[in-house]
Amino acid sequence: MLYRLNLLEYTQTVLLSILKKIMSEQNKLQMSFDPNTIEHLGVRMYSTLPPVMAELIANAYDADAELVEIELLNNGEKKVIVRDDGFGMSFEDINSKFLRIGRPRRQEENGNVTPKGRKAIGKKGIGKLSFFGIANKIIVSTKKEKKWNVFELDWESIKKSSGGNYSPRIIKYNEECKDDSGTEIILEIGRKSDFDPHKIAKSLSKIFIFDKDFKVSIKHNNGEQVVIENNLKYEDIEKQFEWNFPIKDDLVEKKFKNSKNIKGVIVTTKKPITPNTNLRGITLFSRNKLVNLPEYFSSSASSHFFSYLTGWLEVDFIDDLTEDVISTNRQSLNWNHPVTQNLGEYLEEAIKYIQKDWRDKRSYEAQKDIEEKTGIDLNKWYSSVGNLKNSLKTVIETIAKDSELTTEKQGKVIKTIHEEFVPEYPFYHWRHLHPEIREAVRSYYENEPPQYFEAAIEAVKLYIEAVRKKSSSTQLSEFSMMAEAFSQKTGLLLVTDNSDITEKNIQEGHGLFSQGAVMGFRNPTAHSSISSLVKKGLFTEKDCLDILSLISHLFYRLDNAKKRI
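Going by the numbering used here, the residue at position 262 of the sequence shown is 242; the numbering climbs one at a time, nothing skipped.
Take a look at the structure:
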């Protein structure tokens, strides 16, 4: 009987010892790693806050979080706290998932579709290594199914550990709690410079696409919690034109089977985008996170156009490829894969279309702005300068579309060209009229609308008076007076020396031109209204300008005329 009792007691002792050992192993956290892996993929790859925070935000997204709060503290020790309302981790999850470096999560978790149906961002299980790029100590506090676990990762202890195994310090183990789920990660960092929450928020807005189901906010010390908006990245630029994707297939020559799955907006700005904004070019996102930094996707578009180009496109199908084409830091794609090659070719064609459309839209807007600021009707100006039209249009469009001048300065330059160098044809024409005519008809040119009929009538009258005065003719008929004044054989005035056949022809022609001005224009306008002459199609404004040119020519000849001796 005693033997049986001793055996039972011994058996109970052994079983209890085994159970304690099992429980000890189960309550222990362990991270297996290669220190060089952490060094290369964490400490060396990540050295600034935004990329590290991006990994924390991505983890929250993959945990089905809807709200993520970032807190920046520098009241004493500097800390970054990121908390989310995701589904959190159990103690077993921490060991099998979080502390497992390089876990192929998408292969293990049903393609990594979350309980809420999100397609997860994380792929390689190494994002957590980024934490050590800025922090020496990391405290992870996580709750799941009302069980609370807290543990600490210490970089110095990790480096000293042997055999590639490290056991984080457990602070809380499966404690009961009121909250169902959520995770808080505290990074204790040693940076000296102060936090710039606005700058960090802007950087994060360039890495993620936020929506109503996934909001991220940030605050500094005791400041207000500010929600990070998508448009924060564009706060320093003034948008001018937008193109929404997907765009119509007939606008792009290159066909791409996933073209309908490309969503987003391409934007051009009113002024060149400064390089330090890192916004020049098109940013690609997949599953709401950056996968390719801004790029132009074109070898032919001008650098001038690039300085105005920005925007973002979602290419989620990239994450569905069997082969991983996204770089470890999610800043570039492998463009040698057949799908990415086709994507690149499609985007190049799309950029070509947008560049052409941008030039047309910008030209139209520039023309409107210039016309408003200068009061010049550009189309009317172009149509009024005869064979100078194409040259003038090229100059004006170059100033309006391709120069770096502000609209105000463009307007001043164009106004100077309009007034001093290439005025509208009537004013260009007016500038070359005989001085006496120019002064006499100026008001008719300046009236709105211009009165070229009246100007021509006034010029002919002025010329008739000048001929009568210089010739001293007593003929009552203006037509007869012109014959008496300029007859080649007996005229009172000589506009040439009348010594050879050429000069005699000019003398005779001058008289005929003068008589023609009287008979062909002066008399009709004296006996009929201008409106009736126009209605019958007998005279146009252009005809009147031609008559003004003719009278100007006759005036210049008259200036040098001498009385016949």
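The beta carbon of each residue, even a glycine, is placed where N, CA and C say it ideally should be.
R171 and I114 have their C-alpha atoms spaced approximately 8 angstroms apart.
Looking from the CA of I50, the closest CA among Q347, N145, A40, V62 belongs to V62.
Its Cα nearest to that of D159, the residue K124 stands out among T396, D340, K124, L184. For V120, the enclosing beta strand (DSSP E) stretches over residues 115 to 124. Boundaries of the alpha helix (DSSP H) around G324: 318 to 354. Per the coordinates, the alpha-carbon of K213 lies some 18 angstroms from the alpha-carbon of R267. Here D539 carries a helix assignment [DSSP, helix/strand/coil]. In the DSSP assignment, N129 falls outside any alpha helix (DSSP H) and lies within the beta strand (DSSP E) extending over 127 to 134.
The DSSP-derived three-state label of W292 is strand. When F71, F67, N238, I253 are compared, the shortest CA-CA separation from Y153 is found for F71. G261 sits in a strand when the DSSP states are folded into three classes. Comparing alpha-carbon positions, the option among Q10, G66, K269, I138 lying closest to I165 turns out to be G66. Closest option to L472, judged by alpha-carbon separation, among N258, K450, K139: K450. For W315, the three-state secondary structure derived from DSSP is coil. Under the 10 Å beta carbon count, W128 is surrounded by 16 or more other beta carbons and is classified as buried. Listed in chain order, the non-local C-beta contacts of I356 below 6 angstroms within the same chain comprise H398, local neighbours out to five positions each way being set aside.
Around the CB of S183, 16 or more other CB atoms lie within 10 Å, so the residue is classed as buried.
A direct Cα-Cα distance of roughly 27 angstroms separates S110 from G261.
The criterion of a C-beta distance shorter than 9 angstroms is not satisfied by T476 and K469.
P415: not part of any beta strand (DSSP E); member of the alpha helix (DSSP H) spanning 415 to 426, first to last residue. DSSP places N202 outside both helix and strand once states are collapsed to three, so it counts as coil.
Annotation: the continuous beta strand (DSSP E) that includes E49 extends over 47 to 53. Checking the DSSP bridge columns, you'll see T163 partnered with D64, T122. In this structure, the CA atom of A346 is about 6 angstroms from the CA atom of A380.
A Cβ-Cβ separation of about 32 angstroms leaves T249 out of contact with T308 under the 8 angstroms criterion.
Collapsing the DSSP output to three states places N224 in a strand.
I510 places its beta carbon less than 9 angstroms from that of F519. Under the Cβ criterion (8 angstroms, minimum of three pairs), the segment 179 to 197 counts as touching the segment 39 to 58. Cβ atoms of K240 and P226 come within 8 angstroms of each other, at about 5 angstroms. Here A43 is actually not in contact with G107; their C-beta atoms are around 13 angstroms apart, not less than 8 angstroms. Rounded to the nearest whole angstrom, the CA to CA distance from N314 to P177 is 33 angstroms. T248: member of the beta strand (DSSP E) spanning 243 to 249, first to last residue. Taking a C-beta distance under 9 angstroms as the contact criterion, P30 and I217 do not qualify as a contact pair.
Looking from the CA of S494, the closest CA among H533, G68, L372, D349 belongs to H533. The beta carbon of Q205 sits closer than 8 angstroms to those of E49, S197, I198, K199, all from its chain and outside the five residues before and after it, given in chain order.
Here V130 has S121, I151, K152 as same chain residues with Cβ atoms under 6 angstroms from its own Cβ, once five neighbours each way along the sequence are excluded.
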